[in-house]
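Colleague:
2 protein chains.
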Amino acid sequence: MREVVIAGVGMHPFGRFERKPYQEMGVEATLMALKDANVPWKDVQAAYCGSMFAPPTAGLKTLSRIGLTGIPVTDVETACASGGSSIVIAYQAITAGFCDVVLALGIEKMPKGFIPPSALGEPWQVDAGLVSGPMGFAMAAQRHMQMYGTTVEQIARVSVKNHKNGVHNPYAMYRKEMSFEQIMNSLMVADPLRILMLCAPNDGAAAAVLCGKDIVSKYKDVKKCPRVAGAVVKTPGYPGWAGIPFYSCGITKPIVSPTKTAAKAAYEMAGIGPGDLDFVELQDTDACSEIIWSEQLGLCKEGEGGRLVDEGLSEINGKIPINPSGGLLSKGEPVGASGLGQIAELVWQLRGDAGKRQVANAKAGLSHVIGNGGNCAVIILKR
Amino acid sequence: MREVVIAGVGMHPFGRFERKPYQEMGVEATLMALKDANVPWKDVQAAYCGSMFAPPTAGLKTLSRIGLTGIPVTDVETACASGGSSIVIAYQAITAGFCDVVLALGIEKMPKGFIPPSALGEPWQVDAGLVSGPMGFAMAAQRHMQMYGTTVEQIARVSVKNHKNGVHNPYAMYRKEMSFEQIMNSLMVADPLRILMLCAPNDGAAAAVLCGKDIVSKYKDVKKCPRVAGAVVKTPGYPGWAGIPFYSCGITKPIVSPTKTAAKAAYEMAGIGPGDLDFVELQDTDACSEIIWSEQLGLCKEGEGGRLVDEGLSEINGKIPINPSGGLLSKGEPVGASGLGQIAELVWQLRGDAGKRQVANAKAGLSHVIGNGGNCAVIILKR
Numbered sequence: 138m139r140e141v142v143i144a145g146v147g148m149h150p151f152g153r154f155e156r157k158p159y160q161e162m163g164v165e166a167t168l169m170a171l172k173d174a175n176v177p178w179k180d181v182q183a184a185y186c187g188s189m190f191a192p193p194t195a196g197l198k199t200l201s202r203i204g205l206t207g208i209p210v211t212d213v214e215t216a217c218a219s220g221g222s223s224i225v226i227a228y229q230a231i232t233a234g235f236c237d238v239v240l241a242l243g244i245e246k247m248p249k250g251f252i253p254p255s256a257l258g259e260p261w262q263v264d265a266g267l268v269s270g271p272m273g274f275a276m277a278a279q280r281h282m283q284m285y286g287t288t289v290e291q292i293a294r295v296s297v298k299n300h301k302n303g304v305h306n307p308y309a310m311y312r313k314e315m316s317f318e319q320i321m322n323s324l325m326v327a328d329p330l331r332i333l334m335l336c337a338p339n340d341g342a343a344a345a346v347l348c349g350k351d352i353v354s355k356y357k358d359v360k361k362c363p364r365v366a367g368a369v370v371k372t373p374g375y376p377g378w379a380g381i382p383f384y385s386c387g388i389t390k391p392i393v394s395p396t397k398t399a400a401k402a403a404y405e406m407a408g409i410g411p412g413d414l415d416f417v418e419l420q421d422t423d424a425c426s427e428i429i430w431s432e433q434l435g436l437c438k439e440g441e442g443g444r445l446v447d448e449g450l451s452e453i454n455g456k457i458p459i460n461p462s463g464g465l466l467s468k469g470e471p472v473g474a475s476g477l478g479q480i481a482e483l484v485w486q487l488r489g490d491a492g493k494r495q496v497a498n499a500k501a502g503l504s505h506v507i508g509n510g511g512n513c514a515v516i517i518l519k520r
Numbered sequence: 138m139r140e141v142v143i144a145g146v147g148m149h150p151f152g153r154f155e156r157k158p159y160q161e162m163g164v165e166a167t168l169m170a171l172k173d174a175n176v177p178w179k180d181v182q183a184a185y186c187g188s189m190f191a192p193p194t195a196g197l198k199t200l201s202r203i204g205l206t207g208i209p210v211t212d213v214e215t216a217c218a219s220g221g222s223s224i225v226i227a228y229q230a231i232t233a234g235f236c237d238v239v240l241a242l243g244i245e246k247m248p249k250g251f252i253p254p255s256a257l258g259e260p261w262q263v264d265a266g267l268v269s270g271p272m273g274f275a276m277a278a279q280r281h282m283q284m285y286g287t288t289v290e291q292i293a294r295v296s297v298k299n300h301k302n303g304v305h306n307p308y309a310m311y312r313k314e315m316s317f318e319q320i321m322n323s324l325m326v327a328d329p330l331r332i333l334m335l336c337a338p339n340d341g342a343a344a345a346v347l348c349g350k351d352i353v354s355k356y357k358d359v360k361k362c363p364r365v366a367g368a369v370v371k372t373p374g375y376p377g378w379a380g381i382p383f384y385s386c387g388i389t390k391p392i393v394s395p396t397k398t399a400a401k402a403a404y405e406m407a408g409i410g411p412g413d414l415d416f417v418e419l420q421d422t423d424a425c426s427e428i429i430w431s432e433q434l435g436l437c438k439e440g441e442g443g444r445l446v447d448e449g450l451s452e453i454n455g456k457i458p459i460n461p462s463g464g465l466l467s468k469g470e471p472v473g474a475s476g477l478g479q480i481a482e483l484v485w486q487l488r489g490d491a492g493k494r495q496v497a498n499a500k501a502g503l504s505h506v507i508g509n510g511g512n513c514a515v516i517i518l519k520r
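Protein chains in written order, with the working numbering: chain Z, 138 to 520; chain B, 138 to 520.
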């Protein structure tokens with residue numbers, strides 16, 4: 138099958154930019170990615186734009202500001218996984234031979250506050266008290282603590298680590314360290330999750346230029362272009378909320394989460410296992426989610442996610458660094474853009490361009506985003 | 138390249154169903170398509186769901202009611218071309234070999250009245266008086282009348298024809314003939330377009346099951362499965378509105394509309410020309426649009442679209458039947474679903490299942506949808 142590489146990436150900082158239209162953020166991220174890829178805009182043959190809250194045809198309204206070249210510009214939406222989904226579709230268009238050069242873009246301006254229940258969907262979820270993200274995350278955290286003995290201190294330490302990493306990320310919203318005490322004493326939102334254990338919904342954009350490996354040397358040294366080794370989207374096989382595994386609550390057979398199935402398929406596609414990864418960017422919408430997903434991604438055994446942070450294994454210089462970018466806890470989460478923000482981090486890490494947050498000699502990285510309803514995108518890049 | 142066929146199609150009637158959630162309409166269309174294809178739901182490996190106004194993750198919220206099977210369910214949006222875009226992405230996933238069986242779904246519940254300006258986008262459009270669809274369509278009609286001598290009587294006759302066809306379509310919103318006088322005397326909306334020359338935004342759903350041609354015989358006789366011969370999306374190469382060619386207004390070089398570029402690419406992909414088509418379903422958002430698009434699709438020379446209807450050439454028994462389904466003028470336009478409604482009509486016509494609106498011995502048909510901003514999808518099916 139035709140191989141696909143990422144020739145360039147770009148990011149608009151994640152944060153709150155109330156007076157800046159999403160189109161301007163998208164244009165900045167795209168121009169940065171095109172420059173990084175050394176690809177002229179006229180050579181891009183299709184664009185897929187991930188967004189959850191932008192108005193219809195947001196991608197075309199954004200990219201028309203760069204220039205009208207007649208290419209298809211398709212908006213793609215799978216909630217928080219939208220960016221990952223746009224990468225997967227772009228990847229398929231190139232492997233199928235329809236295109237040589239495709240732009241994947243993610244843009245978002247989030248509504249103020251937590252994501253509103255109207256966007257989360259089914260009436261039973263609201264009836265069940267799942268009226269915003271943190272309620273669901275807290276239920277999963279409570280269950281994880283009960284089943285595996287995970288502690289609130291471990292959850293806080295994930296936030297300490299990610300904020301420490303985020304200090305060195307110029308695209309992050311929060312760029313200062315948060316002490317364990319600050320986090321443990323911050324406002325309680327949904328027990329056990331306090332406000333500094335939750336990521337902030339915000340605004341931002343990120344972009345990647347994908348190319349067929351066979352043609353990329355027209356633009357850039359192929360050695361500088363990480364290869365898309367795995368690119369998979371899955372949804373849950375069980376009724377639930379936001380793809381979060383509620384473990385055995387009332388369900389007798391073991392639940393296989395979409396994170397597990399997507400990761401398994403992506404590992405197979407890449408011909409590697411979790412032990413071959415040098416670092417991971419995963420969806421730390423809340424600090425306990427990092428613990429849960431690290432298990433579901435196979436970075437440790439189920440129930441041992443807390444140990445990764447306790448023993449420093451998920452630090453930048455640890456055995457399996459998690460969220461060296463600072464994760465969503467530092468960057469905030471513009472949902473349509475967050476997946477492409479992870480891809481940008483993967484590319485910078487694999488090229489050795491990540492500055493003070495560089496993972497030494499990174500050769501393989503994984504990106505993981507999961508959205509409401511449970512579309513989970515896992516992308517593996519290798520240098 | 139791997140060939141792709143359409144094994145089955147389904148439709149929920151287009152109309153106003155205020156108390157029916159979009160999910161129910163989507164489920165009905167999907168179950169009908171699965172039954173038609175003889176494909177069990179568990180065999181579907183991915184789904185792409187076109188919608189413009191449905192809430193986030195609408196596809197997954199719909200299909201989870203049929204059953205959670207863990208497949209990726211991605212929402213796709215290119216305004217009125219959303220259904221066509223979902224077909225193109227599904228097609229690419231199969232040709233690339235990632236899937237054997239993919240569902241393309243379109244669902245919509247339109248806001249009341251004409252599409253609101255907020256959904257149409259750029260502030261300059263509102264400043265220019267393009268505050269809803271009919272204003273833009275009327276500007277194009279005026280220009281076409283001035284340049285080519287197209288008459289309001291010709292425009293009315295398109296509406297007469299399409300309403301006559303729609304009588305025989307059980308999925309159409311309006312199923313009665315409209316006389317020339319009724320149309321010419323109906324309420325003026327935007328000169329020269331009267332209310333009975335405009336399609337009604339409404340609710341509906343439609344679905345298609347796409348399969349690799351090499352594996353479809355597991356489910357259904359391959360002879361009953363029209364082949365996707367061309368599947369292309371393009372956008373404009375000029376600044377404008379809704380992809381409508383405003384002809385030479387202030388622009389010195391000839392405008393090449395996305396309908397023209399998408400059709401050209403689709404004809405090349407299919408290895409045929411417009412003369413090889415037996416019928417066409419095209420975007421008659423208003424009756425003059427049918428005249429304009431028939432020219433841009435190459436069914437006649439530029440400026441001669443009015444002649445097609447005058448001479449009866451676009452009737453069901455004419456040389457090149459246009460909108461034998463009754464078109465959007467009869468069916469109404471649930472924008473995310475309209476493209477897949479056309480695909481359903483193409484499949485029924487090519488199988489000889491179109492009843493009293495059957496085009497004799499139809500072997501090749503074309504579907505054309507174009508959205509705000511100008512994403513234009515052209516799909517050619519051959520039996």
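A virtual CB, placed ideally from N, CA and C, is assigned to each residue, including glycine.
Note down the Cα distance separating valine 297(Z) from leucine 330(Z), rounded to an integer number of angstroms.
Modeller: Numbered from its first residue, the first sequence carries residue 297(Z) at position 160. Numbered from its first residue, the first sequence carries residue 330(Z) at position 193. Their Cα atoms are separated by approximately 14 Å.
Colleague: Starting from histidine 281(Z), follow its DSSP beta bridges and name the residues at the other end.
Modeller: As a position in the first sequence, residue 281(Z) is number 144, starting the count at 1. Partner(s): none; histidine 281(Z) has no beta bridge.
Colleague: Output the boundary residues of the alpha helix (DSSP H) element that contains histidine 300(B).
Modeller: Your numbering for residue 300(B) matches position 163 in the second sequence. 289 to 303 is the extent of the alpha helix (DSSP H) around histidine 300(B).
Colleague: On a CA-only basis, which of Leu503(B), Ile320(B), Phe154(B), Ala144(B) is nearest methionine 169(B)? Give me that one, please.
Modeller: Looking up residue 169(B) in the second sequence gives position 32. Of the candidates Leu503(B), Ile320(B), Phe154(B), Ala144(B), the one whose C-alpha sits nearest the C-alpha of methionine 169(B) is Ala144(B).
Colleague: Closer than 7 Å, CB to CB, is phenylalanine 317(B) near chain Z or not?
Modeller: As a working note, residue 317(B) is residue 180 in the second sequence. Chain Z, which has no Cβ nearer than 7 Å to the Cβ of phenylalanine 317(B), makes this no.
Colleague: So glycine 243(B) is in the beta strand (DSSP E); what residue range does that whole segment cover?
Modeller: Here residue 243(B) refers to the residue found at position 106 of the second sequence. Glycine 243(B) -> beta strand (DSSP E) spans 238 to 246.
Colleague: For the structure I just gave you, are there three or more beta carbon pairs, one from the stretch 138 to 157 of chain B and one from the stretch 447 to 463 of chain Z, closer than 8 Å?
Modeller: Touching, no.
Colleague: According to DSSP, is alanine 191(B) part of a helix, a strand, or is it coil?
Modeller: Taking the second sequence and counting its residues from 1, the one referred to as residue 191(B) is at position 54. Correct three-state label for alanine 191(B): coil.
Colleague: Helix, strand or coil: how does DSSP classify glutamate 441(Z) here?
Modeller: Reading the first sequence from its first residue, position 304 is the one you call residue 441(Z). Glutamate 441(Z) falls in the coil class under three-state DSSP.
Colleague: Determine the chain Z residues that contact methionine 247(B) at a beta-carbon separation under 8 Å, and present them in chain order.
Modeller: As a position in the second sequence, residue 247(B) is number 110, starting the count at 1. In chain order: nothing, as chain Z lies at least about 12 Å away.
Colleague: With isoleucine 507(B) as the anchor, note down where its beta strand (DSSP E) starts and where it stops.
Modeller: Residue 507(B) sits at position 370 when you count from the first residue of the second sequence. First-last of the beta strand (DSSP E) with isoleucine 507(B): 501 to 507.
Colleague: Would you say aspartate 340(B) lies against chain Z (beta-carbon separation less than 7 Å)?
Modeller: Counting from 1 along the second sequence, the entry for residue 340(B) is found at position 203. No, aspartate 340(B) does not count as interfacial toward chain Z.
Colleague: Rounding to the nearest angstrom, what Cα-Cα distance links valine 142(B) and aspartate 351(B) in this structure?
Modeller: Your numbering for residue 142(B) matches position 5 in the second sequence. Your numbering for residue 351(B) matches position 214 in the second sequence. Straight-line Cα distance between these residues: approximately 9 Å.
Colleague: In the DSSP assignment, the alpha helix (DSSP H) including phenylalanine 317(B) goes from what residue to what residue?
Modeller: Numbered from its first residue, the second sequence carries residue 317(B) at position 180. Where phenylalanine 317(B) is concerned, the enclosing alpha helix (DSSP H) stretches over 317 to 321.
Colleague: Go through its chain and collect everything with a Cβ distance to glycine 463(B)'s Cβ below 6 Å, but skip five positions before and after it.
Modeller: Residue numbering aside, residue 463(B) sits at position 326 when the second sequence is read from its first letter. Closer than 6 Å at the Cβ level, and outside the excluded window around glycine 463(B), lie Asn299, Asn302, Gly303, Asn306, Ala309.
Colleague: Tell me the DSSP secondary structure of phenylalanine 151(Z) in three-state form.
Modeller: Looking up residue 151(Z) in the first sequence gives position 14. Phenylalanine 151(Z): strand per DSSP, three-state reduction.
Colleague: For the candidate residues Gly204(B), Ile203(B), Arg202(B), Pro193(B), whose alpha-carbon lies nearest to that of valine 213(B)?
Modeller: Locating residue 213(B) in the second sequence gives position 76, counting from the first residue. Selected option, being the one with the closest Cα: Pro193(B).
Colleague: Starting from the beta carbon of lysine 371(Z), find every residue of chain B whose beta carbon is closer than 7 Å, and list them in chain order.
Modeller: Working through the first sequence from its first residue, we reach residue 371(Z) at position 234. What lysine 371(Z) touches in chain B: Gly207, Pro209.
Colleague: Below 8 Å between beta carbons is the criterion; list the residues of the stretch 214 to 229 of chain Z that meet it against any residue of chain B, in chain order.
Modeller: Hits within the stretch, in order: Glu214, Thr215, Ala216, Ser222, Val225, Ile226, Gln229.
Colleague: So with Cβ pairs under 7 Å, would you call threonine 167(Z) a contact of chain B?
Modeller: Counting from 1 along the first sequence, the entry for residue 167(Z) is found at position 30. It does not: the Cβ of threonine 167(Z) has no partner Cβ on chain B nearer than 7 Å.
Colleague: Along chain B, in chain order, which residues have C-beta atoms closer than 7 Å to that of proline 395(Z)?
Modeller: Residue 395(Z) sits at position 258 when you count from the first residue of the first sequence. The contacting residues are Gly207.
Colleague: Taking 7 Å as the cut-off, decide whether the C-beta atoms of valine 370(Z) and serine 222(Z) are in contact.
Modeller: What you label residue 370(Z) is simply residue 233 of the first sequence in a count that begins at 1. What you label residue 222(Z) is simply residue 85 of the first sequence in a count that begins at 1. Yes, the Cβ-Cβ distance between valine 370(Z) and serine 222(Z) is below 7 Å.
Colleague: For threonine 215(B), name the three-state secondary structure that DSSP assigns.
Modeller: Taking the second sequence and counting its residues from 1, one reaches residue 215(B) at position 78. Strand.
Colleague: Cα-Cα, which of Lys157(Z), Glu161(Z), Ser201(Z), Arg488(Z) is closest to tryptophan 178(Z)?
Modeller: Locating residue 178(Z) in the first sequence gives position 41, where the first residue counts as 1. Checking every option, the nearest Cα to that of tryptophan 178(Z) belongs to Ser201(Z).
Colleague: Please state whether DSSP places glutamate 405(Z) in a helix, a strand or coil.
Modeller: By 1-based counting over the first sequence, the position of residue 405(Z) is 268. In this structure, glutamate 405(Z) counts as helix in the three-state DSSP scheme.
Colleague: Return helix, strand or coil for phenylalanine 109(B), following the three-state DSSP convention.
Modeller: It is not possible to answer for residue 109(B), since the shown part of chain B is limited to 138 through 520.
Colleague: Would you tell me roughly how many angstroms separate the C-alpha atoms of serine 426(B) and alanine 278(B), rounded to the nearest one?
Modeller: Looking up residue 426(B) in the second sequence gives position 289. Looking up residue 278(B) in the second sequence gives position 141. Each residue's Cα considered, the two are about 8 Å apart.
Colleague: Check the Cβ of phenylalanine 235(Z) against every Cβ in chain B and list those closer than 7 Å, keeping chain order.
Modeller: Within the first sequence, residue 235(Z) is the residue found at index 98, counting from 1. What phenylalanine 235(Z) touches in chain B: Gln229.
Colleague: Which residues in chain Z sit within 7 Å of alanine 374(B), going by Cβ to Cβ distance?
Modeller: Your numbering for residue 374(B) matches position 237 in the second sequence. Note that residue 374(B) is glycine in the sequence shown, not alanine. Residues of chain Z passing the Cβ test: Leu205, Thr206, Gly207.
Colleague: Considering just the uninterrupted stretch of the alpha helix (DSSP H) at lysine 172(Z), what are its terminal residues?
Modeller: Residue numbering aside, residue 172(Z) sits at position 35 when the first sequence is read from its first letter. Note, lysine 172(Z): alpha helix (DSSP H), 159 to 174.
Colleague: Does the stretch 487 to 498 of chain Z touch the stretch 325 to 343 of chain Z, meaning 3 or more C-beta pairs lie closer than 8 Å?
Modeller: No, because fewer than three Cβ pairs between the stretch 325 to 343 of chain Z and the stretch 487 to 498 of chain Z fall closer than 8 Å, the two stretches do not touch.
Colleague: Assuming leucine 171(Z) contacts valine 346(Z) under a Cβ cut-off of 8 Å, what Cβ separation, rounded to an integer in Å, is found between them?
Modeller: Locating residue 171(Z) in the first sequence gives position 34, where the first residue counts as 1. Locating residue 346(Z) in the first sequence gives position 209, where the first residue counts as 1. With 8 Å as the limit, leucine 171(Z) and valine 346(Z) qualify as a contact, their Cβ atoms being about 6 Å apart.
Colleague: List, in chain order, every chain B residue whose beta-carbon is nearer than 7 Å to that of threonine 422(Z).
Modeller: For the purposes of this step, residue 422(Z) is taken as the residue at position 285 of the first sequence. Here the premise fails: no neighbours, minimum Cβ distance about 15 Å.
Colleague: Shorter than 7 Å from the beta carbon of aspartate 351(Z) to some beta carbon of chain B?
Modeller: Position 214 of the first sequence, counted from the first residue, corresponds to residue 351(Z). No, because no Cβ of chain B sits closer than 7 Å to the Cβ of aspartate 351(Z).
Colleague: Which residues in the same chain as arginine 520(B) place their Cβ atom closer than 6 Å to its Cβ, once the five residues preceding and following it in sequence are excluded?
Modeller: Taking the second sequence and counting its residues from 1, one reaches residue 520(B) at position 383. Hits under 6 Å: Pro363, Leu487, Lys500.
Colleague: Are any of the Cβ atoms in chain D nearer than 7 Å to that of aspartate 264(Z)?
Modeller: Protein chains Z and B are contained in the structure displayed, whereas chain D is not.
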